[in-house]
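Take a look at the structure set out below.
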Amino acid sequence: MKRAAAIVLSNPMSLAGVILIALVVSSAVFADLVAPFPSHRGAVVDFANFNQPPSWPNIMGTDLVGRDLFSRILYAYRISLILGIVVLLLAVPAGVVVGLAAGYIGGRTRFILMRTTDVFLSIPPLVLAMSIMGVLEPTLANGMMAVTAMWWPWYSRLVFNITLAEKEEGYVLAAELIGASRIHVMFREILPNCFPAIITKMTLDLGFVILIASSLSFLGLGVQPPTPDLGSMVAQGASYLPDSWWLTVFPGLAILVAVFGFNLLGDALRDVLGGDQ
Amino acid sequence: MRLERNMRSVCKLLAQRLAISLLVLAGVSVLVFAIARIIPGDPARIALGPNATAEQVQKLREQLHLDRPIWTQYGYFVRDLAEGDLGISLYTNRPVTTDIAQFLPATLELILVAGIFMIGFGLPLGIVSARYRGRAVDHIIRIVSLLGVSAPSFVWAVILMLLFAFFLPLFPIAGRISTDFEIDRATGFLLIDTLLVANYAAFGNALWHIVLPAFALALSGIGQAARLTRANMIETYGRPYIEMARSYGFPEWKIASRYAFRPSIIPSLTILGLDFAAMLGNAFLVEAIFAWPGLSRYGVTVILRKDLNAIVGTVLIISAAFLIANLIVDLLIAFLNPRIRYGQGSK
Amino acid sequence: MTRILKATMTGMAFAALAVAAEAGGTLRLDEVAVGELDPALATDYADSMLMFNVYDTLVLPRQGGPGHVPHLAESWEGSGTSFTFSLRSDVSFQSGNPLTADDVVFSYERMVGLGRGLSYLFGLVESVEAVDGDTVRFNLSQPYAPFVASLVRLPIVDKKLVMENLGEGEGDMKDWGKAFLSANGAGTGAYAVKSHNPQEETVMVRNDNYFLGISEKAPDTVRLRYGLEAATVRTLLAQGEHDISSQWIPPEVKKALADDGMQLLTESGTGAFYFKLNTTRPPLDDVNCRKALAKSFDYASVLKLIAITDNVSGGSASTGAIPVGMFGANPAGQNLARDIEAARSHLAQCKYDPAEFTVEISWIAEVPLEERLALLMQANLAEVGIKSSIKKVPWALFTEMVSKPENTPNVSQIFVTAVTGDPDTLLYGMYHSSAAGTWQSPEYLSDTEVDAHLEAGRTGASEADRQEAYAALNTRLMEVTASIYGFDRQSVFAANPRIKVPALSDPAKAFGLDGMGFSFRLIEME
């Protein structure tokens, strides 16, 4: 583990990733301390000072009701990270169980589970999430549900493929010979061998969940105001281009920075741990 | 003899994949139908508008079979679907099939051009990057392609629009073609229609309109394709037969194109199929920004309007398009890779 | 090959040059919503623009003043419950069919038979009969003062053409020609539909056989585009590739356009912006809580928000429940204003404890300005100690939510305009107890005094009677505080200065009816 960390940190690109993620995470965690205008995360209006270009003290300008954009982006990171983590915590176990069961048990179970997975995978991700959000009220919790619904099949496919390969390995056959239960073989023998791939994919996915969630809220199907959200900031600001460019450019770059960071780190982890493509 | 055996196994694979695709499509229809029916809000009331009376609403509900149990509704839906009828859109007051026929070509055209960009830029970048592994060029390409993957297409759409339509007005910012051209839309694909009537100025104009949106849509795919190609090529470069080819003094370009590239394109192709799905979804975002009158925009509107028939129709068509694309990719792989061809299908 | 390549390259460069080459005949404008071409389904602004140009009505609003003038009708007589119209004899439909009384009867029956759009305006019409070929009589079930005004919403369709093109449907009238009319025009109007793509644009061309004749300066072709982003409109206008913006682009964008040398066109006097309070659900079923909200609202900040330039604004200060200029309105200048102390004292008298409720403020997803107003209200309420939450609702869902009082948000934000220009069509639909539960009336107000004033207003024999009834209504509405009156609305459009639209720039030429300012035949291209 230590060695892995050393490898990751010695590569300039993955080091950059670690730094970016550290920045994003710490601004989310310490937003209350870092943000110049902490109250601007909520329903504050200042019509004397709205839609202003970047200047001191609003280094990224102000939004359409006069709130400091920089402060809001910091708080938006907080929401994005929570969303990303919760989605993965829900989607990964679900996908893993389905993939393990389908791969190990095989037969009809495999057919039903993997075809169900295919059904979900054959609806374009955003379309599926949108259909679900169309049904539900746009809230943070429902947004998480919608993204989770489109995410678990990727893990079930990943784990399924690994399980198929692993179940022919000697150690699995050995466990079966000494009469280990299916559950034991699946979760104790095969699952640990899926971990490197899962962890790599999760790191990469944290960025992509943030990306998809921002796409959903760009379409108006995400977190509701006054809660700051990067996707809806871009969507609202888009009407004011090109004059009020700061309204879209900074939140857009904020998404880019976060996802880029996770991608850099994910890449490095993949080199070290191995894992899926 | 060998060709015949090839054809037979490919046909068998095709039949197998087709059967599975149809099964999946049936599953999709159930899923989407269920989602569309549990949408809160009465579609009949929404369709009739704010001033309709209760009787009018009730009448429309009966016409749409909304008063029947959901499985009966699904039965009606399947019966109509078999006749090629997806019902009337409550939003445009037209048959859903008419709407889709009008809007789908615009979206497909956008996605196809984006796909061409993805391959046309992504593969060469990946090859160059792998060939010059560890050099400055490799680092730059890696960073750029990772950046491409790291922002949603709507952010790229906004940035490209800002740079190349606003500040540096090189490209138009909206629409498919300038209003000065009146083209008979035989296929709905403007790039084809303009060529059919041999109006090359109009073709150029349509091409000029599609560049920015297609590029915004393609950027993450370009990054993805470049990264994959690079990784796979590096792997093949490490194989002994490349060393052998080198030692025989084969020219470097020949090694790259024939021995390193071909084996590495197969994994890229699988991902291409998946990226196609992502593009169908991301087109929602790009079409909104570039005022592209395609199916995705229609999809967003009908979802917001709770237009049941149109939602089901749109999602079904998009899923079918995705399945067909994957089918084609599978077949391509089967042709390219003998191992998969003679084995029992790919993973 | 070289030739083809060259042509292609020219095409790519063409749009840049096209600006200069193409100017003259084509008017290009845009609307957010999809245009509904069938006149019996027309409700919103885009629909109205199409309707007023493709179709004609028996009467037209008088330009620059109250009242109506004959249009397809040569003259009319009658009052109370019976009105007789003599039709002009020189009018033909775009198809060439002559206009007859039968067409008027058919248009009415089609409107009511479909029961969509604004057909409710004709609920008091009992029957319409063709007295002879060019005389038609409307019989009303009870006197209705704004009847003649409501005729601006009865477009006359070509019966013969529609009957030849009936689609599938049940009954004698099948689909009433709905399928045909959703893609084709069948009117007498000054512009004929050339093509209609509900998601892209409607193209109309000048009808040179129009019975009133059309000035040479009027556009030959009109392209009404749909769903363009504000940023797109802004750029196209600045580049000379667009002529008139929709009113829905944000004020800041209009300001930027004005700074770039665009002119601002305006249309006003027919409506207002409201915060509608659901009077059936706690805490706003208590009038004191409603008053606390109304008094805490910062009316002055709203005006700052909707201001575009020093002279032009998206609205003017509200003086009461009725927009300035209509019957019963308070004069301009008596502006509603914020009063924190009054708000606090009303809140103290309210039977609900502000610590125990949260007011839900909704905003319509299609109108981004409302989000800012919601945030403003949230901040205002917080100052007097009322908690609130903000909820974004797409329009389609909103119209459905308000059909049940328990689903209707505490506060809904709505623009309402008088669809015929008459105060009855603004106020009756909002406040009469029988009209509760539509998108206009999420207040669910049930007040016998308000009902009585509304009835008096629509049956009043003289203008003085109506004036008196609406003045009393105004007072009563302020007492019950079912709505917060944000501002009197003015629609603002940014336009290329080479386009002259007298009906939207000269008050003496204004129609006082939403959408009619865009009568393309009165627009001059230079």
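Protein chains in written order, with this note's numbering: chain L, -15 to 261; chain V, 954 to 1300; chain B, 240 to 765.
Positions of the beta carbon are idealized from the N, C-alpha and C atoms, including for glycine.
Everything numeric in this text was worked out from a predicted model, so none of it was measured.
{"Query": "Same chain only: Cβ atoms within 6 Å of Q588(B), ignoring 5 sequence neighbours per side", "Result": "N527"}
{"Query": "Alpha helix (DSSP H) segment containing K630(B), residue limits", "Result": "Looking at the DSSP string, K630(B) is not in any alpha helix (DSSP H); the run it does join, the beta strand (DSSP E), is 626 to 632."}
{"Query": "Euclidean distance between Cα positions of V330(B) and V387(B)", "Result": "21 Å"}
{"Query": "Residue burial classification, W602(B) (beta-carbon count within 10 angstroms, cutoff 16)", "Result": "buried"}
{"Query": "First and last residue of the uninterrupted alpha helix (DSSP H) at K433(B)", "Result": "Here K433(B) belongs to no alpha helix (DSSP H); instead the beta strand (DSSP E) covers 430 to 436."}
{"Query": "Residue span of the alpha helix (DSSP H) that contains F104(L), given as start and end", "Result": "91 to 105"}
{"Query": "DSSP three-state assignment for H1018(V), whether helix, strand or coil", "Result": "coil"}
{"Query": "CB contact below 9 Å: N619(B) versus chain V", "Result": "no"}
{"Query": "Rounded Cβ spacing between L1113(V) and L1063(V) (contact assumed at less than 8 Å)", "Result": "So it is not a contact: roughly 14 Å between Cβ atoms."}
{"Query": "First through last residue of the alpha helix (DSSP H) which encompasses Q652(B)", "Result": "Where Q652(B) is concerned, there is no enclosing alpha helix (DSSP H), although the beta strand (DSSP E) it sits in stretches over 650 to 656."}
{"Query": "Minimum C-alpha distance to D663(B) - residue among Y347(B), L608(B), I561(B)", "Result": "I561(B)"}
{"Query": "Run of the alpha helix (DSSP H) containing Y1190(V), from where it starts to where it stops", "Result": "1153 to 1190"}
{"Query": "Min CB distance R355(B) to chain V below 9 Å", "Result": "yes"}
{"Query": "Which listed residue (E682(B), L608(B), R327(B), K630(B)) has its alpha carbon closest to that of S642(B)", "Result": "E682(B)"}
{"Query": "Sequence-distant residues of the same chain with beta carbon closer than 7 Å to D661(B), five excluded per side", "Result": "P385, A388"}
{"Query": "Whole runs of the alpha helix (DSSP H) within the region 452 to 497 of chain B, excluding any shorter than 4 residues", "Result": "469 to 477"}
{"Query": "Minimum Cβ-Cβ distance from S651(B) to chain L less than 9 Å", "Result": "no"}
{"Query": "Min CB distance L110(L) to chain B below 9 Å", "Result": "no"}
{"Query": "Boundaries of the alpha helix (DSSP H) in which Y1029(V) is found, first to last residue", "Result": "1023 to 1035"}
{"Query": "Sub-9 Å separation of L665(B) and V391(B) beta-carbons", "Result": "no"}
{"Query": "CB contact below 9 Å: R1032(V) versus chain B", "Result": "no"}
{"Query": "C-alpha gap between K543(B) and F31(L), whole angstroms", "Result": "8 Å"}
{"Query": "Sequence-distant residues of its chain with Cβ nearer than 8 Å to K534(B) (five each side left out)", "Result": "R577, D578, I579, A581, A582, H585"}
{"Query": "Rounded Cβ spacing between P607(B) and P489(B) (contact assumed at less than 8 Å)", "Result": "6 Å"}
{"Query": "Proximal chain B residues relative to F1117(V), where beta-carbon distance stays under 7 Å", "Result": "Per Cβ cutoff of 7 Å: no residues; F1117(V) is ~12 Å from chain B at best."}
{"Query": "Contacting positions in the region 199 to 216 of chain L - beta carbon closer than 7 Å to chain B", "Result": "G204, Q208, P209, P210"}
{"Query": "Unbroken stretches of the alpha helix (DSSP H), 4 residues or longer, contained in the region -15 to 70 of chain L", "Result": "-14 to -6, -4 to 13, 15 to 18"}
{"Query": "Distance between E160(L) and R166(L) (C-alpha atoms, nearest Å)", "Result": "8 Å"}
{"Query": "Beta-carbon gap between A1241(V) and L58(L) smaller than 9 Å", "Result": "no"}
{"Query": "Nearest-angstrom Cα separation, counted from P648(B) out to L360(B)", "Result": "27 Å"}
{"Query": "C-alpha distance - G1075(V) paired with L148(L), whole-angstrom precision", "Result": "31 Å"}
{"Query": "DSSP state of F512(B) mapped onto helix, strand, coil", "Result": "strand"}
{"Query": "Residues near L716(B) in its chain [Cβ-Cβ closer than 6 Å; skip 5 each side]", "Result": "A560"}
{"Query": "Against chain B: residues of the region 48 to 73 of chain L by CB proximity under 7 Å", "Result": "L48, V49"}
{"Query": "Closest residue to Q478(B) among L1123(V), D1052(V), I1175(V) (Cα-Cα distance)", "Result": "L1123(V)"}
{"Query": "is_contact[M1114(V), chain B] using C-beta, thresh 9 Å", "Result": "yes"}
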